[in-house]
Every structure is written in structure tokens, then in C-alpha cells.
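Taking it in order: structure first as C-alpha cells, then the write-up.
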Amino acid sequence: YKKKMKQFLIISLIIALTTAFVTIPVKKTQENDIQKILRLNYLTNNYQYILQKFLPNHLSQNWPEVKINNFMDAQYYGEVQIGTPPQSFQVIFDTGSSNLWVPSSECGILSIACRLHTRYDKTKSSTYGKNGTHFDIKYGSGGVSGHWTQETIILGGLTAQNVTIGEATSMKGLSFLVSKFDGILGLAYPKISVDNATPVFMKLIEQGKVQDGSFAFFLTNKAGQEGSRLILGGFDPQYAATPFKYYPVSLEAWWVIDVDRVALGNTTYQIQKAIVDTGTSVMVGPKSVIEEMKKQLPNQGKQKVDCSTISEFPNLTFNIGGDDYILEPADYIIQITSGSQSQCVLGLQGLDMPGPLAQAFILGDSFIHKYYTHFDQANKRVGFALAKH
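According to mature numbering (1 follows the signal peptide of the UniProt record, and there is no 0), the sequence shown holds residues -20 to -1, 1 to 369 in order.
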């Protein structure tokens, strides 16, 4: 093992010296009591949001780095700049969608969520280009709508021109009303992009701003602390405790890989695929599988968990390409602390998705916290390494 690790570090150093990548910092924010209550509600009632998201709408180095913040331990977000001169927005970096949208200065008087956030003003940008086509993106009980615009954007210091961005004039749903983020920046494949808009990362590749067609996520889970990173144009080896192992992307829409099986404790379940998704906070699987899993748990699968019993829960293991990826109970049970009081929530949700994703698990942030993830678009693969926290 030591020999393999040494070889990995040498190879990683060579890559680092020959690859220009940008790191975007990401931070997990402190919450007030209201936000903590809302997070509990979000974590126990976000099934419809996830389902809607995966319904087919249509079929030292000069490394760019983006800071990421964490809202309600549910979504990671950081800065993107739009227009000339740049207007700054906080957006979710979401590998489960492909479009970029932010609130518009033209939002309606009744769209309170829109008016509570930073809004893009085209009249203040010399690089604004009219598109005007209407868009409508649904998120379960809510959604956003507005019109497309062509603009210049800056992400991690990298500039892309003629990017299609959504100007949201209507934002419906509680999550948008209380959120710290303004909009969403999708990092999935063009196939699921609404209205066939070219995703931001693809624009950076096309315009020669990123030499390596890949990016990586390193996620911390401590509120109020910086440390999480989105790395564009490769991966930074300092965040990896082990060498990366890679698995082919089997469906170029979301980041989908083949999975052999999943086990809870000593009981094994057959599943076929996994979606690696930074925009989903918990672990999501087929309803029938999750229902069987919950029967094995010490609390019979209740959503709320007695925090003092976490150690009694079994490990959750994913076998991918013959390799085991283990989540301990503390990885998939989410603890929310307010003062001296803690509440714990089971981070396992059942959801039946359509078509080729019917037997899929969603590997959300609970998984990515533990396993530093390299999304290699150029080579059509996803890599995992144990994260160095």
C-alpha cells in the first residue's frame, strides 16, 4: 500500500506541475434556529424535489478554485460573476442538472423569493445579449421561470463568453425563499440541459479556458468553516488520502456509473446504477430497497434518530467495479446542533425514478463528504479517493 501511495503522490505531483486548474473555495455557513428547523423539514420532505430533478425534461499552482458554502447541510454553493462589469451571485454547484440561472431585476412584484436575492440587471452590463426565449424549470412543489439571456460569466477567475443564462422572473417554493444561494449552476451533461443550452463547464472547455476537461469536489461538513472546494480543470492531490479509482460513465446525462450491489450490514441488495450528485444532500435509493433497509435499523427506519444510538447502526457499503465504498452510520445520519441540543436525521430516502434510473441510487453529499470525487468529462469516467479531512 505504501508503495502504491508513493507512486500516486509522484504521479499527482507531475500532473499538478503540468496542469493548470482553478480551485473555487466553498464554505458551510452557520445557521440560526429557524434555519435549523427548516433544514430538518427539508431533509425529511424533499422527495418531490429530487424526483422532479431526475424526470426527463427532454432527453501555487495557477489552478482555478471556487469557494463553496453549504446551506442547511443540503446544498453547496459559491460565487459566479455575470456581465460586464461583473455582477456577483451565489449559486449551487449541482452535478445533477445542466443549466445556469439567477434571479432577474425584472422579477414580478409577487415573487418575494426573487426580490430577497441578488438580481441580475442587464441594463448595467455591456456584454448583455438578447435571447428572450421563455424557460420553465420545475423543482417538485416549486420552480423557476423566466427567459434566457446571452452573457459573459466568470467562474474561478475563468471567463466564458456567450453563455446562455436563465433570468428568473418567478421563483416559487420555500427553499428559494429562505436560501442563502441566489441560483443554480449545473455541471451535468448537455443531454439534460433545458432548451439545449450549453452548460457553463462545456463553454469553458470550448473556449480553451480549461485544459483538462474535468473537475473535482472536496466537501467538508463543518458549519461555519471554510475548506470545501470545487476544482476546475483536474483535481488537487492534497485533498486525497488514497489514490483515485475510476469507473466509466454509463449514461451521459447525469453522472451515472454502474454499481454491482449495496449492503446494509450483512444484507446485500442488487442495484444497477448510481448517480453522483452534489445537489442531493442525502443517500437516495429505490423505495423497495430503502424500505427493506429501514426494517434492519435499530429505530425501525424512523426519520428522526436518537443521536446517542448512532454507533448501533450498521455500515452502508457500495460495491462499485469490485471496490467497496463504506459509509459508517455517522456518515449517513445527519446531526443538527443548536446550542447544547442535537437532533439527528436518517439520511436515507426511498424514491422510484423513471426509465433507466429505476434501480439507481443517488450518491449525494453524504457520500462525497467521505470520498473526494473527480468528474472526468474528457475521459467519460468518475473517480473516488478517500478524502483527507
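In this text, a Cβ means the ideal position worked out from N, Cα and C, and glycines have one as well. Treat the numbers as computed from the prediction; the structure is a model and nothing was measured.
For residue i, three-class secondary structure by DSSP
i: glycine 88; result: coil
i: tyrosine 219; result: helix
i: glycine 363; result: strand
i: lysine 189; result: coil
i: histidine 38; result: For histidine 38, the pLDDT reaches just 37, beneath the cut-off of 50, and the residue's location in the model is therefore unreliable, leaving the point undetermined.
i: glycine 163; result: strand
i: glutamate 232; result: strand
i: histidine 369; result: coil
i: aspartate 311; result: helix
i: glutamine 70; result: strand
i: aspartate 332; result: coil
i: serine 150; result: strand
i: leucine 326; result: strand
i: isoleucine 172; result: helix
i: lysine 282; result: coil
i: serine 320; result: coil
i: phenylalanine 1; result: coil
i: serine 105; result: coil
i: alanine 338; result: coil
Strand pairing of residue i, partner residues [DSSP]
i: glutamate 131; result: Val143
i: phenylalanine 198; result: Arg209
i: asparagine 299; result: Arg241 and Asp304
i: threonine 64; result: Paired residue(s): none; threonine 64 is not in a bridge.
i: histidine 354; result: Ala196 and Gly363
i: phenylalanine 293; result: Partner(s): none; phenylalanine 293 has no beta bridge.
i: leucine 138; result: Leu135
i: aspartate 116; result: Ser125
i: tyrosine 100; result: Ser84
i: leucine 277; result: In DSSP, leucine 277 forms no bridge with anything.
i: leucine 343; result: Val256
i: valine 262; result: Valine 262 is not bridged to any residue.
i: isoleucine 59; result: Per the sequence presented here, residue 59 reads as glutamate, with isoleucine not at that position. In the DSSP output, where bridge partners are listed per residue, glutamate 59 has Gln70.
i: lysine 110; result: Thr129
i: threonine 247; result: Leu244
i: lysine 267; result: Answer is none; lysine 267 lacks a bridge partner.
i: lysine 225; result: Phe364
Whole-angstrom C-beta distance between residue j and residue i, which should lie under 8 angstroms
i: phenylalanine 73; j: leucine 165; result: 6 angstroms
i: glutamine 357; j: leucine 326; result: The Cβ separation is near 33 angstroms, so there is no contact.
i: tyrosine 227; j: valine 362; result: 6 angstroms
i: residue 370; j: alanine 254; result: Coverage of the chain is limited to positions -20 through 369, which leaves residue 370 absent and any answer about it impossible.
i: serine 261; j: aspartate 332; result: About 19 angstroms separates the two Cβ atoms, so there is no contact after all.
i: isoleucine 342; j: isoleucine 300; result: That belief does not hold up - the Cβ atoms of isoleucine 342 and isoleucine 300 are roughly 14 angstroms apart, past 8 angstroms.
i: glutamine 276; j: leucine 244; result: 6 angstroms
i: residue 413; j: isoleucine 316; result: Nothing can be reported for residue 413, as the shown portion of the chain is limited to -20 through 369.
i: valine 143; j: lysine 183; result: 5 angstroms
i: glycine 146; j: tryptophan 81; result: 3 angstroms
i: leucine 210; j: valine 180; result: No, leucine 210 and valine 180 are not in contact; Cβ-Cβ is about 12 angstroms, not under 8 angstroms.
i: threonine 75; j: aspartate 257; result: 6 angstroms
i: glycine 126; j: serine 155; result: At roughly 17 angstroms, the Cβ-Cβ gap does not stay under 8 angstroms, so glycine 126 and serine 155 are not in contact.
i: glycine 330; j: glutamate 271; result: 6 angstroms
Exposure of residue i, with buried meaning 16 or more beta-carbon neighbours within 10 Å
i: glutamine 246; result: Reading the sequence as shown, one finds asparagine at residue 246 and not glutamine. Classification of asparagine 246: exposed, given that the 10 Å Cβ count is below 16.
i: isoleucine 89; result: exposed
i: isoleucine 92; result: exposed
i: histidine 114; result: exposed
i: lysine 104; result: exposed
i: arginine 241; result: exposed
i: glutamine 70; result: buried
i: glycine 58; result: buried
i: lysine 189; result: buried
i: proline 334; result: exposed
i: alanine 221; result: exposed
i: lysine 360; result: exposed
i: glycine 302; result: exposed
i: asparagine 176; result: exposed
i: alanine 338; result: exposed
i: glycine 214; result: buried
Neighbour flag for residue i against chain B, beta carbons, 8 angstroms
i: glycine 265; result: Within the model displayed, chain B is absent; a lone protein chain is all it includes.
Segment contact, 8 angstroms Cβ cut-off, at least three pairs: the segment 330 to 350 with the segment 297 to 315: yes
Validate contact between the segment 152 to 163 and the segment 188 to 199 using beta carbons, cut 8 angstroms, 3 pairs: no
Cβ contact check for the segment 60 to 71 and the segment 128 to 138: 3 or more pairs under 8 angstroms: In short, these stretches touch, since the Cβ pair count reaches three.
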